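Below: one structure, written as structure tokens.
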Amino acid sequence: MKKELTFHIDNLAYSFNIDEKLEKNLIKFLSTEENVETRELLLAYIRLGQEHTLLQNELEKISELLPSI
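Residue 8 is where the sequence shown starts when you use the numbering used here, and the numbers rise one by one after that.
In structure tokens, the structure reads:
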């Protein structure tokens with residue numbers, strides 16, 4: 008199901024229609040309740056990138072443990 012999510016960045020509102028399952032990850036590091044600066048947006052992007060990289064590395068380690076076919 009789609010949901011509209013609005014971020015306020017540098018006093019401008021940006022609304023997106025997203026899947027509800029995605030909302031939790033999008034608001035993990037970025038508030039929708041208050042205005043944020045571009046710097047905070049970049050920091051949230053970097054944090055999500057770090058989280059993604061860690062998960063990717065864990066999956067690669069697990070994949071290496073699986074027997075090859």
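The C-beta atom is built at its ideal place from N, Cα and C for all residues, glycine as well. Every value quoted in this text rests on a predicted model; they were computed, and no experiment measured them.
Counting only residues of its own chain and dropping the five nearest sequence neighbours on each side, E41 has a CB closer than 8 Å to the CB of H15. Ranked by how close their Cα comes to the Cα of K10, the residues Y21, L72, E27, A20 have E27 in first place. Note that the C-beta distance between D17 and T39 is not below 7 Å. Remark: C-beta atoms of A51 and L37 approach each other more closely than 7 Å.
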